[in-house]
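Notes follow once the structure below has been shown.
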Amino acid sequence: LQRLGADQALWPGELKLIPDLGPHARDLRLAGHADWRLPTSHELFAVLNHGRSRPALDPAGFTRTAAEYWWSATNRAGDESRVWVANAGGGIGPHPVRETLSAGGAKRIHALCVRGAPPSAGPRLRSDGAGTVTDDATGLVWQREAPAETMTWEEALDYCMRLNLAGHGDWRLPNIKELRSLSDDAKIRPSLDRKFFPEAKVANCWSSTTQSNRPGRAWLVEFETGLVTYADKTEIQFVIAVCGGVATAGP
Numbered sequence: 010l011q012r013l014g015a016d017q018a019l020w021p022g023e024l025k026l027i028p029d030l031g032p033h034a035r036d037l038r039l040a041g042h043a044d045w046r047l048p049t050s051h052e053l054f055a056v057l058n059h060g061r062s063r064p065a066l067d068p069a070g071f072t073r074t075a076a077e078y079w080w081s082a083t084n085r086a087g088d089e090s091r092v093w094v095a096n097a098g099g100g101i102g103p104h105p106v107r108e109t110l111s112a113g114g115a116k117r118i119h120a121l122c123v124r125g126a127p128p129s130a131g132p133r134l135r136s137d138g139a140g141t142v143t144d145d146a147t148g149l150v151w152q153r154e155a156p157a158e159t160m161t162w163e164e165a166l167d168y169c170m171r172l173n174l175a176g177h178g179d180w181r182l183p184n185i186k187e188l189r190s191l192s193d194d195a196k197i198r199p200s201l202d203r204k205f206f207p208e209a210k211v212a213n214c215w216s217s218t219t220q221s222n223r224p225g226r227a228w229l230v231e232f233e234t235g236l237v238t239y240a241d242k243t244e245i246q247f248v249i250a251v252c253g254g255v256a257t258a259g260p
């Protein structure tokens, strides 16, 4: 990957994300700083832009690249041999470390380095006592008990739009950034916190985000681990509604 020019992309919290040419983030010296590191899985996923594909990175901030994968610094809960890796299509999943070329595998996995204090492994939740849960990390308000039945993508959009809960009438299907923010990297099967979501299932949940190059597909989160992938909109998946915040599929 090529380094950015003087107009380097800024993340919220004054985090600067810089493509790294080498595999050792801790040895990077750039822009007068020596405290670069690999991002957490949530930081890495946050910079992906789901309005684009291959790569799902904003060309206003990043030089176009043929890279297919990028490391995070986060191991998968329950399996230290797997690390969260983002891909150029816009997904993220836990990959065996041995898959990379340097470990004898076949995948070229690049690095995007970041600096600044790392965030927590997942959301900061509190119960609102009215059938909702607030994430203080994002300001989003979530439906505590999601419907038991699965739905197509169009049905999921309609369900959330019609939902009236806890005095809120502005419920919606979360976009893929919002939905993945609910996954806790320290938890597995499910990666949702059952203290706050007691009926949480080890299952796929729809997001509202359409795959940019395949309009018949939408992104989803698999809440066994927090993996992000996609499915045809005619398939049936589970749903959880959200309100508040600012909906965006970009960084």
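Quick note: the sequence shown uses our numbering, first residue 10, plus one each step.
Don't be surprised by glycine CBs; every beta carbon is placed ideally from N, CA and C.
The structure presented is a predicted model; accordingly, all values stated were derived computationally and were not measured.
Subject >> Distance, W79 Cα to H119 Cα >> reply: Within the sequence shown, numbered from 1, the residue matching residue 119 stands at position 110. Within the sequence shown, numbered from 1, the residue matching residue 79 stands at position 70. So the alpha carbons of these two residues sit roughly 5 Å apart.
Original post:
Near W180, what residues of its chain come up, given a Cβ to Cβ distance below 6 Å and the 5 sequence neighbours on each side ignored?
Top reply: Counting from 1 along the sequence shown, the entry for residue 180 is found at position 171. Excluding residues within five positions, the ones whose Cβ falls inside 6 Å are C169, L172, A250 and C252.
Subject >> Nonlocal neighbours in the same chain, by C-beta distance under 6 Å from W151, ignoring five residues either side >> reply: As a first step, residue 151 is located in the sequence shown; it is residue number 142 there, counting from the start. If we look at W151 and ignore the five residues flanking it on each side, its Cβ neighbours are V142 and V251.
Original post:
Should L191 and A165 be called a contact, given that it needs their Cβ atoms to be closer than 8 Å?
Top reply: Numbered from 1 along the sequence shown, position 182 holds the residue referred to as residue 191. Numbered from 1 along the sequence shown, position 156 holds the residue referred to as residue 165. Not a contact, by the Cβ cut-off of 8 Å.
**OP:** Would you check if there are 3 or more beta carbon pairs closer than 8 Å linking the stretch 117-136 to the stretch 207-215?
**Re:** no
**OP:** Evaluate D194 with the Cβ neighbour count: other Cβ atoms within 10 Å of its Cβ, from every protein chain shown; 16 or more gives buried, anything less gives exposed.
**Re:** Looking up residue 194 in the sequence shown gives position 185. Classification of D194: buried, given that the 10 Å Cβ count is 16 or more.
Original post:
Can you list the alpha helix (DSSP H) stretches of 4 or more residues lying completely in the stretch 182-259, in chain order?
Top reply: 185-190
**OP:** In angstroms with no decimal places, state the Cα-to-Cα distance between T243 and A40.
**Re:** The residue given as residue 243 occupies position 234 in the sequence shown. The residue given as residue 40 occupies position 31 in the sequence shown. If you take the alpha carbons of T243 and A40, they lie about 48 Å apart.
**OP:** Could you check the C-alpha separation between I245 and S200 for me, to the nearest Å?
**Re:** For the purposes of this step, residue 245 is identified with residue 236 of the sequence shown, where counting begins at 1. For the purposes of this step, residue 200 is identified with residue 191 of the sequence shown, where counting begins at 1. Each residue's alpha carbon lies about 20 Å from the other.
Subject >> Buried versus exposed call for A95 [16 or more other C-beta atoms within 10 Å across all chains shown] >> reply: Position 86 of the sequence shown, counting from 1, holds the residue named residue 95. Under this definition A95 is a buried residue.
Subject >> Beta-carbon separation (whole angstroms), S81 vs T109, contact threshold 8 Å >> reply: Position 72 of the sequence shown holds residue 81. Position 100 of the sequence shown holds residue 109. S81 to T109, Cβ: 13 Å. No contact.
**OP:** Answer yes or no: do D202 and L149 have a C-beta to C-beta separation smaller than 8 Å?
**Re:** In the sequence shown, counting from the first residue as 1, residue 202 sits at position 193. In the sequence shown, counting from the first residue as 1, residue 149 sits at position 140. Not closer than 8 Å, so no.
**OP:** Could you work out which residue in R91, A43, D36 and G98 is closest to L57 when comparing CA atoms only?
**Re:** Residue numbering aside, residue 57 sits at position 48 when the sequence shown is read from its first letter. Among R91, A43, D36 and G98, the Cα nearest to that of L57 is on G98.
Original post:
Around the Cβ of K204, are there at least 16 other Cβ atoms within 10 angstroms (buried) or fewer (exposed)?
Top reply: Here the question's residue 204 lines up with position 195 in the sequence shown. Flag for K204 reads exposed.
Subject >> Backbone CA spacing between R63 and R85 [nearest angstrom] >> reply: Taking the sequence shown and counting its residues from 1, the one referred to as residue 63 is at position 54. Taking the sequence shown and counting its residues from 1, the one referred to as residue 85 is at position 76. Each residue's alpha carbon lies about 24 Å from the other.
Original post:
Which same chain residues, not among the five before or five after G87, have their C-beta less than 7 Å away from its C-beta?
Top reply: Along the sequence shown, read from residue 1 onward, the residue named residue 87 stands at position 78. Excluding residues within five positions, the ones whose Cβ falls inside 7 Å are I197.
**OP:** Go ahead and pull the three-state DSSP assignment for W162.
**Re:** On the sequence shown, position 153 is the one that residue 162 refers to. Note: W162 maps to helix in three-state DSSP.
Original post:
Which class does S129 belong to by DSSP, given the choice of helix, strand or coil?
Top reply: One-based indexing of the sequence shown puts residue 129 at position 120. In the structure shown, S129 sits in coil (DSSP, three-state: anything other than H, G, I, E or B).
**OP:** Please say whether A155 and F232 have beta carbons closer to each other than 8 Å?
**Re:** Within the sequence shown, numbered from 1, the residue matching residue 232 stands at position 223. Within the sequence shown, numbered from 1, the residue matching residue 155 stands at position 146. No, Cβ-Cβ distance for F232 and A155 is not below 8 Å.
Subject >> Proximal residues to A146 (C-beta, below 6 Å), its chain only, five neighbours per side dropped >> reply: In the sequence shown, the residue the question calls residue 146 occupies position 137. Excluding positions up to five away in sequence, the list reads P132 and R133.
**OP:** Could you have a look at L174 and say whether DSSP puts it in helix, strand or coil?
**Re:** The count along the sequence shown starts at 1 and reaches residue 174 at position 165. Three-state result, L174: strand.
Subject >> Same chain, Cβ closer than 7 Å to L188, five either side skipped, listed in chain order >> reply: Position 179 of the sequence shown, counted from the first residue, corresponds to residue 188. Once the five neighbours on either side are set aside, the close Cβ partners of L188 are C214, S216 and V230.
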